[in-house]
Each structure stands twice: as C-alpha cells, then as structure tokens.
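Visitor: When we follow our numbering, the leftmost residue of the sequence shown carries the number 30, and every step to the right adds one. Ideal Cβ placement from N, Cα and C applies to all residues, glycine included. For clarity, every value in this text was computed on a predicted model and none was experimentally measured.
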Amino acid sequence: MSACLDCPRRCGADRESGVLGACRSPYLPRAARAAAHYGEEPCISGTRGSGAIFFTGCSLGCAYCQNAAISGGENGVELSVERLREVMLRLRDSGVHNINLITGSHFVRPIAEALSGLDLGIPVVWNSSGYETVESLRLLEGLVQVYMPDYKYALPHPAAKYSRAPDYPEVAAAAIREMYRQTGDFKMDGDGLLCSGVLIRHLILPGNIENSLRVIDWVAEEFLPGQVLFSLMSQYTPMPGVGERFPELSSAVDAASAQMLYEYLLDAGIEDGYYQEPDASGEDAIPDFDGTGLVSC
Numbered sequence: 030m031s032a033c034l035d036c037p038r039r040c041g042a043d044r045e046s047g048v049l050g051a052c053r054s055p056y057l058p059r060a061a062r063a064a065a066h067y068g069e070e071p072c073i074s075g076t077r078g079s080g081a082i083f084f085t086g087c088s089l090g091c092a093y094c095q096n097a098a099i100s101g102g103e104n105g106v107e108l109s110v111e112r113l114r115e116v117m118l119r120l121r122d123s124g125v126h127n128i129n130l131i132t133g134s135h136f137v138r139p140i141a142e143a144l145s146g147l148d149l150g151i152p153v154v155w156n157s158s159g160y161e162t163v164e165s166l167r168l169l170e171g172l173v174q175v176y177m178p179d180y181k182y183a184l185p186h187p188a189a190k191y192s193r194a195p196d197y198p199e200v201a202a203a204a205i206r207e208m209y210r211q212t213g214d215f216k217m218d219g220d221g222l223l224c225s226g227v228l229i230r231h232l233i234l235p236g237n238i239e240n241s242l243r244v245i246d247w248v249a250e251e252f253l254p255g256q257v258l259f260s261l262m263s264q265y266t267p268m269p270g271v272g273e274r275f276p277e278l279s280s281a282v283d284a285a286s287a288q289m290l291y292e293y294l295l296d297a298g299i300e301d302g303y304y305q306e307p308d309a310s311g312e313d314a315i316p317d318f319d320g321t322g323l324v325s326c
C-alpha cells in the first residue's frame, strides 16, 4: 500500500513510509484513550460500558468536530497490530459489552489485521463518520458485527461547507448500504444490547434543519422497520472558535427545532432507535484524551 487510496479523499500518500495522509496520520494506528465508555446509545453502552478505543486523526475533518482535540492527528499513542490486539483483549477482560472502534476508518488495514483470527467473544463496533469507501469496508467483513456510522449530510452544500466533502451524501449512502449488506437486519440480545446490525446516527446542526429533514427522508426511504436503528441527536456542542467561521454553529440546537425533527421522524415511520435531547450537550460529555488504557501497554 505505497499510495493510500483507502478513504474517499484518495490522497495517495505513502503512509507506510511515515508520510501523513489527508487523515493527518501515518499507517499504524494512533489512539488517545481506551476505556469503558458510557456515552453511547443504551444498546451499546449498556450497564458495564462500551470498550471504546478513540483513534486520532480523521479523513473527514468537520469544522465543528466534538473530538477536535484528537481529530487533527497530533496526539495519541502509536499501536502496533499486536499492541492493538492486547488493548482490545484487556478491554474485553474488564467486562465491557463490546469493543468500540471510534474513528478508525483511516487505519482500516492494521485494524482488520488485528481483528483477524482474534476471538473476543463480544461484538466489535465500527463507529465512524460514514465517509469511507465500500472497498475499505469489505476488509472488515466478518470481523465487525455492529456498524455505527454517522449520516451527517444528505445535502452536498453543508457537506462542502463544514467538511470539505461535497460528495459525502452519496459516499456515505453507499457505505451504509455496504454495512447493511454485511450484517443484515439488526439483532438485540435479551438485555437490549445490540449484537449485530447497523445503527445510523445523525447530529442535528443548528441552522441546518433542511439537511436533517433530508437525512430522515433518506433513512425512511432506504430501510424498512426492523432493518436498521436510527439515532437522532440534538446534543450539538459548539466548540471553541467555530462560531467565528460559521456563526450559525455558535449555539446549541434550540428545543423547538429538535422537537419538530423528532415529530417528523415519527411521521416518516422510523420506529427503531433513539432520540437524544438537547440538554445532553456540553463539553463535560467529551472524555479526557489523556492516554488512559494505552500508556502502560
């Protein structure tokens, strides 16, 4: 893989030689935290937490990123394939419900290598921006049981404005279809935990209600009840400086807009999933990216 073409940016960087790609990352994974995490949907976090590994860097690079402290790729502990396996096994042994790989799309090859032949005994969750290629996702077939992609944009204008990715709507749609092809209809266990399937997330952005309406339309048109879960999230948190570039993103989502979208969601016939209230926002919900669970491995 001398020229990296794994993400939709297809920058061609020789990351194995240490050249940083569009994801601002070399080839081997870097992570900033590996610990039980309770901030996901109930079917993921459960009572004992999700075994979350937060990777650094990102191929999408949203202006409003809630994990901006690590998405630029500057921080993190480098993990060989073997060390990554050790981290996942250590999390599994701590009693978490699943292994939650957060924003690992740009490290898909070493992650797939780490998962290959590894018997964890709990689901592996692929937690991503949705901006990834079908070809890269096929490297994970049979290795990932739960896909948890964002579907951030159904319209190209906000995708270009906030993430420099006008092709996001069609790229993410194709990726989500591939995820569903791999897993089929979602399955829950007796405790209400997601064993396999796709959980699509959408974060409402203030001033971008039309985009959220079109996202809901796409999910309702693409999938029947019982096929996927959908999570409508109202807890947008303005990050420092984002309002200077995009004034509409300088405040939280107002309650009236959030309620309107929730009612639209129900009217669209989406029955399976979650709605997260605006009062769930706040920087206190963002974990510390201090190397927890990694520095001693």
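1. DSSP beta-bridge partners for D148?
2. Around the C-beta of L294, are 16 or more other C-beta atoms found within 10 angstroms, so that it is buried, or is it exposed?
3. Per the contact definition of three or more C-beta pairs closer than 8 Å, is the segment 97-108 in contact with the segment 275-286?
4. Quick check: the Cα distance between C326 and G105, rounded to an integer number of angstroms?
5. Which residue spans inside the segment 195-267 form an unbroken beta strand (DSSP E) run of at least 3?
6. Going by the DSSP bridge assignment, what does I99 pair with across the sheet?
7. Following the continuous beta strand (DSSP E) through A61, name the residue where it begins and the one where it ends.
8. What do you get for G47, buried or exposed, if any count of 16 or more other CB atoms within 10 angstroms of its CB means buried?
9. Count the CB pairs spanning the segment 79-92 and the segment 249-256 that are closer than 8 Å, and state whether there are at least three.
10. Apart from the five residues on each side of it in sequence, which residues of its chain come closer than 7 Å, Cβ to Cβ, to A60?
11. The alpha helix (DSSP H) that contains Q288, what's its start and end?
12. Between which two residues does the beta strand (DSSP E) carrying Y303 extend?
13. What's the gap between the Cα of A297 and the Cα of L242?
14. DSSP on L130, reduced to helix/strand/coil?
15. Going by DSSP, what residue range makes up the alpha helix (DSSP H) through I369?
16. Near E142, what residues of its chain come up, given a Cβ to Cβ distance below 7 Å and the 5 sequence neighbours on each side ignored?
17. Excluding the 5 residues flanking L172 on each side, which residues of the same chain have their C-beta closer than 8 Å to its C-beta?
18. Please name the residue or residues paired with E107 in a DSSP beta bridge.
19. I'd like to confirm the pairing. Which residues does DSSP put opposite P178 in its beta bridges?
20. Taking DSSP's pairing of strands, which residues face G90 in a bridge?
21. If we call anything under 8 Å between Cβ atoms a contact, is S286 one with I238?
22. Could you tell me the alpha carbon to alpha carbon distance between R114 and G50, rounded to whole angstroms?
Guide: Here's the rundown:
1. Counted from its first residue, the sequence shown places residue 148 at position 119. Answer is none; D148 lacks a bridge partner.
2. Residue numbering aside, residue 294 sits at position 265 when the sequence shown is read from its first letter. Buried, by the Cβ-count rule.
3. no
4. Taking the sequence shown and counting its residues from 1, one reaches residue 326 at position 297. Taking the sequence shown and counting its residues from 1, one reaches residue 105 at position 76. Here the model assigns C326 a pLDDT of 45, short of 50, so the residue's position is not dependable and the matter cannot be decided.
5. 223-232, 258-262
6. Looking up residue 99 in the sequence shown gives position 70. Bridge partners of I99: none, in fact.
7. Here residue 61 corresponds to residue number 32 of the sequence shown, with the count starting at 1. Where A61 is concerned, the enclosing beta strand (DSSP E) stretches over 59-66.
8. As a position in the sequence shown, residue 47 is number 18, starting the count at 1. Classification for G47: exposed.
9. no
10. Locating residue 60 in the sequence shown gives position 31, where the first residue counts as 1. Closer than 7 Å at the Cβ level, and outside the excluded window around A60, lie I82, F83, F84, T85, G105, V106, L108, L323.
11. For the purposes of this step, residue 288 is identified with residue 259 of the sequence shown, where counting begins at 1. Residues 284-296.
12. Looking up residue 303 in the sequence shown gives position 274. That run of the beta strand (DSSP E) goes 302-305.
13. Looking up residue 297 in the sequence shown gives position 268. Looking up residue 242 in the sequence shown gives position 213. Rounded to whole angstroms, A297 to L242 spans 10 Å at the Cα level.
14. The residue labelled residue 130 in the question sits at position 101 within the sequence shown. Looking at L130 - three-state DSSP - the assignment turns out to be strand.
15. This structure cannot speak to residue 369, because the chain is shown only from 30 to 326.
16. Here residue 142 corresponds to residue number 113 of the sequence shown, with the count starting at 1. So the list reads V110, once near-sequence residues are dropped.
17. Translated into the one-based positions of the sequence shown, residue 172 becomes position 143. Result list for L172: A141, L144, S145, V153, in chain order.
18. Position 78 of the sequence shown, counted from the first residue, corresponds to residue 107. In the DSSP output, where bridge partners are listed per residue, E107 has R59.
19. Locating residue 178 in the sequence shown gives position 149, where the first residue counts as 1. BP columns for P178 point to S157.
20. Along the sequence shown, one-based indexing puts residue 90 at 61. DSSP output for G90 lists no bridge partner at all.
21. Translated into positions along the sequence shown, residue 286 becomes position 257. Translated into positions along the sequence shown, residue 238 becomes position 209. A contact, by the Cβ cut-off of 8 Å.
22. Within the sequence shown, numbered from 1, the residue matching residue 114 stands at position 85. Within the sequence shown, numbered from 1, the residue matching residue 50 stands at position 21. The alpha-carbon atoms of R114 and G50 are separated by roughly 24 Å.
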